[in-house]
Amino acid sequence: MMYIKSQNTVINKVLLFSVIGCMFLGLNSTFAQQITLEESQKAALKHSNAIKNGLLTIEKSQAFKREMVANYFPNVEASALGLYAPNDLIGPIEGFLPNGIDNLYSASATATEVIYAGGSIRNSNALADIQLETSQIRAEQVVDSVLLVTENKFWQLVQLQEQQKVIETNETYLNELLKQQQDLLEAGLIAKNQLLQVKVNRSELFLNKSRVENMRKLALLDFALYVGVAYTPDMVADADFENITPPELKYESPDLDLSGNSNYQLLEKSITASSLQTKMAKADLLPSFAVGVSAQEFGAVDSSIDSQFTGFAFGSLSIPISNWWGSGKQKVKQEKIQEEITQNNKKDGIDQLKVAITQSWYDLVNAHEQITYALENKQLAEENLKVNRDNYDNGLSGLTDLLDAQAMAQNAQSNLINAYTNFENKEITYLYRTDQLMAPTLESLKD
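The numbers in the numbering used here rise by one with no breaks, and the one at position 265 of the sequence shown is 265.
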């Protein structure tokens, strides 16, 4: 199930994004192509090499787990040896070995079972379990990260698209004003400097238009490469800002109980892994005991001597005495110190997680407030522009006041777009940090 934001009716619809046509991705067409946020996420999840590597890491951890489990079973080895000498290995012996022996062979098989190894086998398997669980958590985090980055890139593209629309609207306004100034200049009603003022403002607008267009093309290329869709310059991110709900009504205040947080779970796994490493180091100081059986046959081909078969059972006890005061003891000390370091890192990590979650919450609340202020500012700026235009047309104010009002209105429109896209980015960041993204399961992402 993909992550899709729910929409409620709290703030009236302000901006509706217009798009041209609807064609399949990757096909050349005279119409602009559209891609939605949901389509972007699906494509990115399928395309992401980071996710593929995460799944491969899980497979690698599973193989390592099977490797550790194999240590519970006997170790079986077989060997064979053959010798041949043209001049005989053993010369003829009258009455016993009349033809001599020019070849010998030997074949053996041994099975050994470790009965006790200080707990190293058990701890190795427990460590393999931790590694597998850690790989699964990290792979799930990669999926969340891909959703986060995809949405950030999507809204960046939307932001630039909407800024282009603002520029186009203001370009139309300045073109109309320029035509009016040309008519007034030809009628001898204004000085030429007023016409030049409008041209200067329009030239600045053209510079900004070129800059935003280049930024959009770059953002579009970056977006297309990340999500794995065909790049076409006319692709449009199909989205709108409609009825954005205040976060206080949509989410509960952040819960700083981190027991279900994936980053907290990784900190817990690191503590367990460090403890197991210490136990494994201690196991090297303990005796190990193993039993086994061996069978061997040796003889010669085409010889009067019959082949010989022998078998035996054995037991072995190893006591690492020098490790009690040498390198083994120091290794245990190192692992104990590492345990303390890991514990301290966990405490710091918990504090950082709490701060990050709290910050994300306040960033989200503030982002929604900025929409309210930006919306109000846009309405006031548009009203101010209308009043200044009326005053200018009636001869009650100068052209400079009108151009200032137009620039103010344009800036207010841009700020509102920035506020909307900033809210979308802050929301996905909050959901990411609190593990509330509705990401698909790892199984569903496998080929």
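C-beta atoms are modelled at their ideal positions from N, C-alpha and C, and glycine is treated no differently.
Predicted, not measured: the structure shown is a model, and the values here were computed from it.
Enclosing alpha helix (DSSP H) for residue i [first to last residue]
i       : result
Asn-425 : 399-433
Glu-335 : 327-393
Ala-139 : 120-186
Ser-444 : 442-445
Ala-295 : Premise fails: Ala-295 lies in the beta strand (DSSP E), 288-299, not in any alpha helix (DSSP H).
Gly-465 : Nothing about residue 465 can be reported from this structure: the residues present for the chain run from 1 to 447 only.
Pro-233 : It is not in any alpha helix (DSSP H) - Pro-233 carries neither H nor E in the DSSP assignment.
Glu-248 : 247-250
Coil, strand or helix - residue i by DSSP
i       : result
Ala-239 : coil
Asn-261 : coil
Ser-79  : strand
Gln-308 : strand
Gln-33  : coil
Ser-108 : strand
Asn-451 : What the structure shows of the chain is the stretch from 1 to 447, and residue 451 is not part of that stretch, so it cannot be assessed.
Gln-197 : helix
Val-114 : strand
Phe-73  : coil
Thr-272 : helix
Leu-317 : strand
Gln-436 : coil
Spatially closest choice to residue i from the options, by CA coordinates
i       : options                            : result
Gln-265 : Glu-369, Leu-399, Ser-135          : Ser-135
Glu-77  : Ala-107, Leu-276, Arg-122          : Ala-107
Asn-243 : Ala-43, Asn-49, Phe-423            : Phe-423
Gly-315 : Val-69, Ile-115, Ala-374           : Ile-115
Pro-440 : Val-143, Tyr-432, Ile-35, Ala-44   : Val-143
Gln-308 : Ser-327, Glu-297, Glu-376          : Glu-297
Glu-443 : Glu-39, Gln-34, Asp-306, Leu-45    : Leu-45
Ile-58  : Asp-363, Ser-318, Glu-133, Asn-152 : Glu-133
Lys-269 : Gln-343, Thr-400, Ser-322          : Gln-343
Ser-318 : Glu-339, Ala-290, Ala-300          : Ala-290
Gln-131 : Gln-62, Glu-151, Lys-199           : Gln-62
Ala-85  : Phe-73, Ser-79, Asn-103            : Asn-103
Ser-79  : Tyr-105, Asn-99, Gly-54            : Tyr-105
Thr-434 : Ile-167, Ala-128, Asn-263, Ala-367 : Asn-263
Ile-137 : Asn-394, Lys-331, Gly-54, Thr-400  : Gly-54
Leu-127 : Lys-250, Gly-299, Asn-87, Lys-279  : Lys-279
Gln-359 : Arg-389, Leu-431, Asp-129, Gly-299 : Leu-431
Leu-437 : Tyr-251, Leu-416, Ser-414, Val-387 : Tyr-251
Alpha-carbon spacing of residue i relative to residue j, whole angstroms
i       : j       : result
Ala-224 : Leu-178 : 39 Å
Thr-429 : Met-235 : 26 Å
Val-149 : Pro-320 : 53 Å
Trp-155 : Ala-139 : 25 Å
Gln-161 : Leu-256 : 38 Å
Leu-445 : Leu-37  : 18 Å
Val-146 : Phe-64  : 27 Å
Asn-8   : Thr-372 : A caution first: Asn-8 carries a pLDDT of 34, below 50, which makes its placement in the model unreliable, though a value can still be read off. Each residue's Cα considered, the two are about 16 Å apart.
Lys-42  : Glu-369 : 31 Å
Asp-404 : Gln-141 : 49 Å
Leu-220 : Thr-245 : 28 Å
Val-355 : Trp-361 : 10 Å
Lys-336 : Thr-272 : 12 Å
Asp-351 : Gly-260 : 15 Å
Gly-292 : Gln-334 : 35 Å
Glu-39  : Glu-151 : 11 Å
Ile-35  : His-47  : 16 Å
Asp-222 : Gly-228 : 10 Å
Gln-338 : Ser-210 : 56 Å
Below-8 Å beta-carbon distance, residue i vs any chain E residue
i      : result
Ala-80 : Among the chains in the structure shown there is no chain E, since it carries only a single protein chain.
Contact test: residue i Cβ vs the ligand ATP heavy atom, cutoff 7 Å
i       : result
Val-236 : Annotation note on the ligand ATP: not contained in the displayed structure, which lists no ligands.
Cβ-Cβ separation, residue j to residue i (assumed contact under 8 Å), whole Å
i       : j       : result
Leu-174 : Asn-201 : 6 Å
Ala-281 : Ala-117 : Wrong, their Cβ atoms sit about 13 Å apart, outside the cutoff.
Gln-194 : Gln-180 : Wrong, their Cβ atoms sit about 10 Å apart, outside the cutoff.
Ser-124 : Met-68  : 5 Å
Lys-329 : Leu-267 : So it is not a contact: roughly 29 Å between Cβ atoms.
Asn-377 : Ala-407 : About 14 Å separates the two Cβ atoms, so there is no contact after all.
Ser-327 : Thr-110 : Not really, about 29 Å apart at Cβ, beyond 8 Å.
Trp-324 : Leu-276 : 21 Å between Cβ atoms; not a contact.
Thr-112 : Asn-75  : 5 Å
Leu-157 : Ala-237 : 4 Å
Ala-381 : Ala-419 : 14 Å between Cβ atoms; not a contact.
Asp-363 : Lys-426 : 5 Å
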